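Q: Take the sequence shown: its letter number 30 is residue 30 in the working numbering, and every next letter is one higher.
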Amino acid sequence: MTTIAIVAGSSRGAGRGIAVALGDIGATVYVAARTSRGGLKPEDGAPGTVEDTAEQVTSRGGRGIAVAADLSDERQVAALFERVEHDEGRLDVLACSVWQANYMAVWSKRFWELDGRFWRETQQTLSAYWWTSMYAARLMARQRRGLIAHVTDNSPDNSAPRGQILHYLGHESLNLMIDEMSRQTKKLNIAVVGVNPGFMRTERVLMHMTTDERKKQFRFDLSESPEYIGRAVAALAAEPDLAEKNGRRLWVADLAQEYGFTDIDGRYIPRFDPKAPFRGA
1 MTTIAIVAGS
11 SRGAGRGIAV
21 ALGDIGATVY
31 VAARTSRGGL
41 KPEDGAPGTV
51 EDTAEQVTSR
61 GGRGIAVAAD
71 LSDERQVAAL
81 FERVEHDEGR
91 LDVLACSVWQ
101 ANYMAVWSKR
111 FWELDGRFWR
121 ETQQTLSAYW
131 WTSMYAARLM
141 ARQRRGLIAH
151 VTDNSPDNSA
161 PRGQILHYLG
171 HESLNLMIDE
181 MSRQTKKLNI
191 AVVGVNPGFM
201 RTERVLMHMT
211 TDERKKQFRF
221 DLSESPEYIG
231 RAVAALAAEP
241 DLAEKNGRRL
251 WVADLAQEYG
261 FTDIDGRYIP
271 RFDPKAPFRG
281 A
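So, in structure tokens, the structure goes:
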């Protein structure tokens, strides 16, 4: 049976990686995000649109369906899920990688030096996770099965602040959502999980890794492609018994070992450790 998925925030970054990896397993993927070819573009000019990702999904063997939507707006989220219910009759996977604030350019700034929009965009990000989770759970509760996978950071064994207060605050809030949502979905066979990647070579990361000094600062030598987390979510989507995963914050590296997948270059990428020896040293 074909997997039916919504990937929120999938015009670029981890969401795009998840969408195309689901395409590899033949899934029907609703590619939902704000950036479309005919709509507004990001201020920083980051590449990627919902149409681009949907075409990649289809080229990989799945069926990509582009949906331009602001997922922090409940009305637009409701319309997306109503469309999926009408057209497909069910939803198997929600993967959410929405992240509206771009912290890369202000990573080391102190909180009082930040523009107010970063706070607003952090709130909008959490709204997107909340609304998509709520509408996904309503569909999945009726079928008594489903996977809700949220891209997160700061798992319990690595939860020290990471240099940008709103990045930290946003992810810790998201982790609390995962904890509480999973308790309420447990008896319905709906698994709510966090999926923690390492340092991904997203489009925006590549835009900022312009010098050897910056690459060394952020440990670019340890980076992984966005499709690494995509393969993790695809493996979870194919898992026949998700009960054991419910409520857990899962590392992509650990899932790679468990399910036997690699990154796109054929390498196993371990958990991100900024103290690891430099490659080639």
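Positions of the beta carbon are idealized from the N, C-alpha and C atoms, including for glycine.
Treat the numbers as computed from the prediction; the structure is a model and nothing was measured.
1) List the residues that DSSP assigns as beta-bridge partners of residue 310.
2) From residue 232 to residue 165, what does the alpha carbon distance come to, in whole angstroms?
3) Rounding to the nearest angstrom, what Cα-Cα distance links residue 276 and residue 269 in this structure?
4) Should residue 265 go down as buried or exposed, given a rule of 16 or more other Cβ atoms within 10 Å for buried?
5) Going by alpha carbons, who is nearest to residue 262 out of 246, 224, 238, 241?
6) Using only the alpha-carbon positions, how far apart do residue 301 and residue 98 sit?
7) On the criterion of 16 or more Cβ atoms from any shown chain inside 10 Å, does residue 39 qualify as buried, or is it exposed?
8) Need the endpoints of the beta strand (DSSP E) that residue 6 sits in, please.
9) Using only the alpha-carbon positions, how far apart do residue 70 and residue 28 sit?
10) Would you call the stretch 85-92 and the stretch 45-62 touching, i.e. three or more CB-CB distances under 8 Å?
11) Closer than 6 Å by C-beta to residue 100: which residues in its own chain qualify, once you throw out the five before and the five after it? Chain order, please.
12) Could you tell me if residue 108 is buried or exposed, where buried requires 16 or more neighbouring beta carbons within 10 angstroms of its beta carbon?
13) State the Cα-Cα distance for the pair residue 221 and residue 194, rounded to the nearest angstrom.
14) Excluding five sequence neighbours on each side, which residues of the same chain lie with their C-beta closer than 6 Å to the C-beta of residue 205?
15) Please list the terminal residues of the continuous alpha helix (DSSP H) segment that includes residue 369.
16) Can you give, in chain order, each stretch of the beta strand (DSSP E) that sits fully within the stretch 44-93 and has at least 3 residues?
17) I'd like the ranges of any alpha helix (DSSP H) spanning at least 4 consecutive residues and lying wholly in the stretch 158-214.
18) Work out the CA separation of residue 129 and residue 178 for me, nearest whole Å.
19) Once the 5 residues before and after residue 169 are set aside, which same chain residues still bring their CB inside 8 Å of it?
20) Tell me which same chain residues have a C-beta within less than 6 Å of the C-beta of residue 191, skipping the five on either side of it?
21) To the nearest angstrom, how far is it from the Cα of residue 196 to the Cα of residue 10?
22) Between the alpha carbons of residue 4 and residue 17, how many angstroms are there, rounded?
23) Going along the chain, which residues of its own chain have a beta-carbon closer than 6 Å to the beta-carbon of residue 45, five neighbours each way excluded?
24) One question on the structure: do residue 213 and residue 131 come within less than 8 Å of each other, judged by their Cβ atoms?
25) In whole angstroms, what is the alpha-carbon distance linking residue 66 and residue 260?
26) Please classify residue 251 as buried or exposed, where buried requires at least 16 neighbouring CB atoms within 10 angstroms.
27) Using only the alpha-carbon positions, how far apart do residue 68 and residue 20 sit?
28) By how many angstroms is the C-alpha of residue 249 removed from the C-alpha of residue 43?
A: Result, derived from the coordinates:
1) The shown model of the chain, from 1 to 281, leaves out residue 310, and the question about it has no answer.
2) 28 Å
3) 12 Å
4) Result: exposed.
5) 224
6) The first residue shown for the chain is 1 and the last is 281, placing residue 301 beyond what the model contains.
7) exposed
8) 4-8
9) 21 Å
10) Segment contact: the stretch 85-92 against the stretch 45-62, fewer than three CB-CB distances shorter than 8 Å; contact not assigned.
11) 121, 124, 125
12) Under a 10 Å Cβ-count criterion, residue 108 is classified as exposed, with fewer than 16 other Cβ atoms of the shown protein chains found around its own Cβ.
13) Residue 221 and residue 194 have their alpha carbons spaced roughly 25 Å apart.
14) none
15) Residue 369 is absent from the structure shown; the chain starts at 1 and stops at 281.
16) 63-68
17) 165-185, 203-208
18) When only Cα atoms are considered, residue 178 and residue 129 end up about 10 Å apart.
19) 122
20) 147, 242, 245, 246
21) 16 Å
22) Their Cα atoms are separated by approximately 16 Å.
23) Around residue 45: no qualifying Cβ.
24) no
25) The straight-line gap from Cα to Cα measures roughly 30 Å.
26) buried
27) 17 Å
28) 32 Å
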